[in-house]
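4 protein chains.
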Amino acid sequence: MEAKPTRNEARDKIISTACDLFYRQGYLATGINQITSEAGVAKNTFYYYFPSKDALCVTYLQEIGKHWRRLLEDKIDEYKTPYDRLLAPIEFIKQWNHKNNYRGCPFLNIASEITDPDTDIRREVIYNRNVLRKIIGELFERLKNSDDKYSDIDVPTLTDKYYLIIEGAITACQNYGQDWPFETARSSVEENLLTVR
Amino acid sequence: MEAKPTRNEARDKIISTACDLFYRQGYLATGINQITSEAGVAKNTFYYYFPSKDALCVTYLQEIGKHWRRLLEDKIDEYKTPYDRLLAPIEFIKQWNHKNNYRGCPFLNIASEITDPDTDIRREVIYNRNVLRKIIGELFERLKNSDDKYSDIDVPTLTDKYYLIIEGAITACQNYGQDWPFETARSSVEENLLTVR
Amino acid sequence: MEAKPTRNEARDKIISTACDLFYRQGYLATGINQITSEAGVAKNTFYYYFPSKDALCVTYLQEIGKHWRRLLEDKIDEYKTPYDRLLAPIEFIKQWNHKNNYRGCPFLNIASEITDPDTDIRREVIYNRNVLRKIIGELFERLKNSDDKYSDIDVPTLTDKYYLIIEGAITACQNYGQDWPFETARSSVEENLLTVR
Amino acid sequence: MEAKPTRNEARDKIISTACDLFYRQGYLATGINQITSEAGVAKNTFYYYFPSKDALCVTYLQEIGKHWRRLLEDKIDEYKTPYDRLLAPIEFIKQWNHKNNYRGCPFLNIASEITDPDTDIRREVIYNRNVLRKIIGELFERLKNSDDKYSDIDVPTLTDKYYLIIEGAITACQNYGQDWPFETARSSVEENLLTVR
DNA sequence: CATGAATGAGGGTTCATTCAT
DNA sequence: GATGAATGAACCCTCATTCAT
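Chains as they are written, first to last, in the working numbering: chain A, -18 to 178; chain B, -18 to 178; chain C, -18 to 178; chain D, -18 to 178.
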């Protein structure tokens, strides 16, 4: 006998379609009509699974956030030394943007569209950023513990600085449609944050 | 005889209203109806002066860009030494965001909404960023020429690094609704970019 | 030269169509789509003239209220003696209902649909009822002053009693789809309110 | 062994929820979604028990009709003399409206929403009104037989007149959101219908 | 210069209902 | 008996834009 057919096929299709459209076109520029028609489901099938467009947006951010984190951690694990691993996030986000036509960060873009900070959508953005900062902090921590040369670094401070540089690179890359901001970011980290005097 | 009445009073009102609304609510979330009604002009008065909403957006970015640049240069001129002047942009943008409820940068926000890079709107964003980078470059240049201590700095590289840090601080400040990213940015510039070894 | 062409032709058509449909089908059962399509105007022409469906409803009640009052007063003026004039409202409303397929009173029907009493719609209903009661009161007053036989009647009390009987006749006529409640109402007024002991 | 669990628990919950919502919000303004969700049953559980929303409405009217009749007869039985019993309906309906925020009569309200007289819903309304009139007729009959003073009254005529006054009071009370119409109704009955000359 | 009037297309959301299981 | 899933049609309303005057 067959295993149960995939549950929530329609729901999954809605989410994946939304992930694509929200990221490529923006949240406000994408209508429910387009999502459902491209997902191949009736409009009300959408409202069966989601109470509102905003709720779908939250789900979209959660889904893309999980995906993004998995890819980021995979990329980090491609490297062995704590030093290389620390630089992996820059490499990862560079490649992400390159692949996605320099569309920038799904979370930052949404935050530009949804101006009210007191919303679940905006809270999801902050959550994602905290994840990123936590990962960076752990990478610094491991570097500090692995090499006497870095035993004196101030991890929280470096984490914040690194985080700012990444945010800046994402934004600059998106605006210029070029990769160089990530090269600059890497130089900045290597030469200015990690060079012990 | 009377002096000619102020020309383009209606046009000016439209622009100033748009500046306010586009920045506070976002571009897509702001309709022509709201702009004209809040500006107190007829809807067709708008279409007399602007061929489209997009065209108004370009004008909006130009106007706010000029305004922004003037304020930035004024802030720089508040400081005397090249060193302090170099840090002025961070201070200025910090205050701007603080005053504007952490709404972030008008240009970056628009770029998140308008996904097509091949538009006048997006080109206006790039122009503004080039202005910022040029100003930063000049500030570095002057620092280099004014103090032997900095005579060896690589201005273009430092400019890009500084620029990234500012972009990152703007974004982080917007997302967290807090001022600390600008303090971090300042530390990053002072301790990591300007500390000669 | 021609007189200015009729202004607001579209608006008038919308109102007259709404008057018809709201009365015949009910307020909630009538959609904007149907109104505009039957009025032969674009949907947005409606929103050019009215901020909302509720606002149209208020206008509808005002228009039908004016019309209704004019017809009522015309009917009253068909009669000469104060006694006959006093009975005219019953006659008028009976004929109105007969002509309108016993659809009842536009105002009372709306009040059954719009449950929130704190709305402009409901206030319009009350206004109409106050008009009716005022007219009845004046008819009683005139009867009292015209005939010694009625010199002792208590006008306000009789007005309220008369008003209740009319409301009841309207409702009963609507439910049964028959004219007899108005005959009963007339008997009630003649035999029980106007028969001096 | 356990007694059989209460049959049709879900059905009962649907009906009681509908009774509440249809009366408070109106029939058209209340959706199946709201009913099922507030009743805590699946939407299709509704369609298992009722073929349509209209059918539920009929059941609603029957249920509230039975309830209403029971309460009315209880109120009548609170009084001993035929005279007092005759006035009990007015008192009862006054209290009903007072308790229910002057929402008026469930039957009359429905009849305002459902314009087609040739429906089960509308027939249910008529049935309820016939019940009311029959009860009033019986009260008059008993009064007539119990007291020589009233031995000559014309019961059918008085019944219709009484009935109209009650309908009017219900409507007036609903529109004005006040109790006075029932006081007026009582006066009307006592002073004008029951005062033998 | 400026306005009132009008528009087609689409916004997000809810309607009562039905299907297969 | 009861459920999860899905639907087409319609809801009220707003979008950016254009016409004639």
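Think of the CB as a built atom: it goes at the ideal place given N, C-alpha and C, for glycine as much as any other residue.
Keep in mind that this is a model prediction, so the values were computed, not measured.
What would DSSP say about residue 139 of chain C, mapped onto helix, strand or coil?
As a first step, residue 139 of chain C must be located in the third sequence, where it is residue number 158. Three-state result, residue 139 of chain C: helix.
At 3 residues or longer, what runs of the beta strand (DSSP E) sit wholly inside the region 99 to 150 of chain D?
None, since the region 99 to 150 of chain D contains no complete beta strand (DSSP E) of that length.
Report all residues from its chain with a CB closer than 7 Å to the CB of residue 60 of chain B; omit the five preceding and five following residues, and keep chain order.
Within the second sequence, numbered from 1, the residue matching residue 60 of chain B stands at position 79. Excluding sequence neighbours, residue 60 of chain B sits near 66, 69.
Determine the extent of the alpha helix (DSSP H) in which residue 76 of chain D is found, giving its start and end residues.
Counting from 1 along the fourth sequence, the entry for residue 76 of chain D is found at position 95. From DSSP, the alpha helix (DSSP H) with residue 76 of chain D extends over 63 to 80.
To the nearest whole angstrom, what separates the beta carbons of residue 16 of chain D and residue 31 of chain D, a pair I think is in contact under 8 Å?
In the fourth sequence, residue 16 of chain D corresponds to position 35, counting from 1. In the fourth sequence, residue 31 of chain D corresponds to position 50, counting from 1. Actually they are not in contact, since the Cβ atoms of residue 16 of chain D and residue 31 of chain D sit about 10 Å apart, beyond 8 Å.
Going by Cα to Cα distance, which pick from D/84, D/-7, D/54, D/1 is closest to residue 72 of chain D?
Translated into positions along the fourth sequence, residue 72 of chain D becomes position 91. Ranking the options by Cα distance to residue 72 of chain D, first place goes to D/54.
DSSP three-state call for residue 95 of chain D: helix, strand or coil?
By 1-based counting over the fourth sequence, the position of residue 95 of chain D is 114. Three-state DSSP puts residue 95 of chain D in coil, outside helix and strand.
Does residue 15 of chain B have its Cβ less than 8 Å from a Cβ in chain A?
On the second sequence, position 34 is the one that residue 15 of chain B refers to. No - not a single Cβ of chain A is within 8 Å of the one on residue 15 of chain B.
Taking beta-carbon pairs under 9 Å, can you tell me which members of the region 125 to 143 of chain C lie near chain D?
Along the region 125 to 143 of chain C, going in chain order, the ones with a CB nearer than 9 Å to a CB of chain D are 138, 141, 142.
Residue 165 of chain B (DSSP reduced to helix, strand or coil):
The residue given as residue 165 of chain B occupies position 184 in the second sequence. In the three-state scheme derived from DSSP, where H, G and I count as helix and E and B as strand, residue 165 of chain B is classed as helix.
Of all Cβ atoms in chain C, is any one closer than 8 Å to the Cβ of residue 158 of chain D?
Here the question's residue 158 of chain D lines up with position 177 in the fourth sequence. True, the Cβ-Cβ gap to chain C drops below 8 Å.
Along the chain, where does the alpha helix (DSSP H) that runs through residue 8 of chain B open and close?
By one-based count along the second sequence, residue 8 of chain B stands at place 27. Counting along the chain, residue 8 of chain B falls outside any alpha helix (DSSP H), and DSSP gives it neither H nor E.
What does the Cβ neighbour count give for residue -2 of chain C, buried or exposed, with the cut at 16 atoms within 10 Å?
Here residue -2 of chain C refers to the residue found at position 17 when the third sequence is read from its first residue. Residue environment: residue -2 of chain C is assigned as buried (16 or more neighbouring CB atoms within 10 Å of its CB, all protein chains considered).
Please tell me whether residue 145 of chain A and residue 118 of chain B are closer than 8 Å, where the distance is taken between their beta carbons.
In the first sequence, residue 145 of chain A corresponds to position 164, counting from 1. In the second sequence, residue 118 of chain B corresponds to position 137, counting from 1. Taking a C-beta distance under 8 Å as the contact criterion, residue 145 of chain A and residue 118 of chain B do not qualify as a contact pair.
Here's the rule I'm using: 16 or more other beta-carbon atoms within 10 Å means buried, otherwise exposed. How should residue -13 of chain A be labelled?
To locate residue -13 of chain A, count along the first sequence from 1; it is residue 6. Low confidence applies to residue -13 of chain A: its pLDDT is 48, below 50, so where it sits in the model is not reliable, and the reading given next is rough at best. Counting every other CB atom within 10 Å of its CB across the protein chains shown gives residue -13 of chain A a total below 16, marking it as exposed.
Go to residue 30 of chain C, then tell me how far its alpha helix (DSSP H) extends in each direction, as first and last residue.
As a first step, residue 30 of chain C must be located in the third sequence, where it is residue number 49. Element bounds for residue 30 of chain C: 24 to 30.
What whole-angstrom Cβ distance do residue 85 of chain C and residue 151 of chain C have, given they're in contact under 8 Å?
Reading the third sequence from its first residue, position 104 is the one you call residue 85 of chain C. Reading the third sequence from its first residue, position 170 is the one you call residue 151 of chain C. Residue 85 of chain C to residue 151 of chain C, Cβ: 6 Å. Contact.
Check the Cβ of residue 87 of chain C against every Cβ in chain D and list those closer than 7 Å, keeping chain order.
Translated into positions along the third sequence, residue 87 of chain C becomes position 106. What residue 87 of chain C touches in chain D: nothing, since even the nearest Cβ is about 10 Å away.
Drop a sphere of 10 angstroms on the beta-carbon of residue 166 of chain C, count the other beta-carbons inside from all chains shown, and report buried for 16 or more, exposed for fewer.
Here residue 166 of chain C refers to the residue found at position 185 when the third sequence is read from its first residue. By the C-beta density criterion, residue 166 of chain C is buried, having at least 16 other C-beta atoms within 10 angstroms.
Residue span of the alpha helix (DSSP H) that contains residue 12 of chain B, given as start and end:
If you number the second sequence from 1, residue 12 of chain B lands on position 31. Element bounds for residue 12 of chain B: n/a, residue is neither H nor E.
Could you tell me the alpha carbon to alpha carbon distance between residue 141 of chain D and residue 5 of chain C, rounded to whole angstroms?
Position 160 of the fourth sequence holds residue 141 of chain D. Position 24 of the third sequence holds residue 5 of chain C. Looking at the two C-alpha atoms, the distance is approximately 27 Å.
Burial state of residue 87 of chain B (16 or more Cβ within 10 Å)
For the purposes of this step, residue 87 of chain B is taken as residue 106 along the second sequence, with counting starting at 1. Residue environment: residue 87 of chain B is assigned as buried (16 or more neighbouring CB atoms within 10 Å of its CB, all protein chains considered).
Check whether the Cβ atoms of residue 8 of chain C and residue 94 of chain C lie closer than 8 Å to each other.
For the purposes of this step, residue 8 of chain C is taken as the residue at position 27 of the third sequence. For the purposes of this step, residue 94 of chain C is taken as the residue at position 113 of the third sequence. It is a contact, given that the beta carbons lie within the stated cut-off.
Does residue 9 of chain B have its Cβ less than 8 Å from a Cβ in chain A?
To locate residue 9 of chain B, count along the second sequence from 1; it is residue 28. Interface annotation, residue 9 of chain B: in contact with chain A, CB-CB separation under 8 Å.
Can you give the Cα-Cα distance for residue 162 of chain C and residue 101 of chain C, rounded to whole angstroms?
As a position in the third sequence, residue 162 of chain C is number 181, starting the count at 1. As a position in the third sequence, residue 101 of chain C is number 120, starting the count at 1. It is roughly 31 Å from the alpha-carbon of residue 162 of chain C to the alpha-carbon of residue 101 of chain C.
Just checking: is the beta-carbon of residue 147 of chain B within a distance shorter than 8 Å of some beta-carbon in chain A?
Indexing the second sequence from 1 puts residue 147 of chain B at position 166. It does; some Cβ of chain A falls within 8 Å.
Classify residue 155 of chain D as helix, strand or coil using the three-state DSSP reduction.
Along the fourth sequence, one-based indexing puts residue 155 of chain D at 174. Secondary structure at residue 155 of chain D: helix, using DSSP grouped into helix, strand and coil.
Does the beta carbon of residue 70 of chain C sit closer than 8 Å to a beta carbon anywhere in chain D?
For this step, residue 70 of chain C is matched to residue 89 along the third sequence. So no, residue 70 of chain C is outside the interface.
Cα-Cα separation, residue -4 of chain A to residue 108 of chain A:
As a position in the first sequence, residue -4 of chain A is number 15, starting the count at 1. As a position in the first sequence, residue 108 of chain A is number 127, starting the count at 1. Those two C-alpha atoms are separated by around 20 Å.
Within the continuous alpha helix (DSSP H) that includes residue 176 of chain B, where are the two ends?
Numbered from its first residue, the second sequence carries residue 176 of chain B at position 195. For residue 176 of chain B, there is no enclosing alpha helix (DSSP H), since its DSSP letter is neither H nor E.
Kindly give me the distance between the Cβ atoms of residue 112 of chain C and residue 92 of chain C, rounded to whole angstroms, as I take these residues to be in contact under 8 Å.
On the third sequence, residue 112 of chain C is found 131 positions in, with the first residue counted as 1. On the third sequence, residue 92 of chain C is found 111 positions in, with the first residue counted as 1. Residue 112 of chain C to residue 92 of chain C, Cβ: 15 Å. No contact.
Please decide whether residue 39 of chain B counts as near chain A, where near means a Cβ-Cβ distance under 8 Å.
Taking the first residue of the second sequence as 1, we reach residue 39 of chain B at position 58. Chain A contact via Cβ: absent.
Which class does residue 51 of chain B belong to by DSSP, given the choice of helix, strand or coil?
The residue labelled residue 51 of chain B in the question sits at position 70 within the second sequence. In the structure shown, residue 51 of chain B sits in a helix (DSSP, three-state: H, G or I).
Look at residue 160 of chain C and residue 75 of chain C and say whether their C-beta atoms are less than 8 Å apart.
On the third sequence, position 179 is the one that residue 160 of chain C refers to. On the third sequence, position 94 is the one that residue 75 of chain C refers to. For residue 160 of chain C and residue 75 of chain C, yes; Cβs fall inside 8 Å.
Kindly list the residues whose CB is nearer than 6 Å to the CB of residue 63 of chain B, restricted to its own chain and excluding five residues on each side of it in sequence; keep chain order.
Within the second sequence, residue 63 of chain B is the residue found at index 82, counting from 1. Excluding residues up to 5 positions away in sequence, 123, 124, 127 lie with their Cβ nearer than 6 Å to the Cβ of residue 63 of chain B in the same chain.
Of all Cβ atoms in chain D, is any one closer than 8 Å to the Cβ of residue 6 of chain C?
The residue labelled residue 6 of chain C in the question sits at position 25 within the third sequence. Interface residue, yes.
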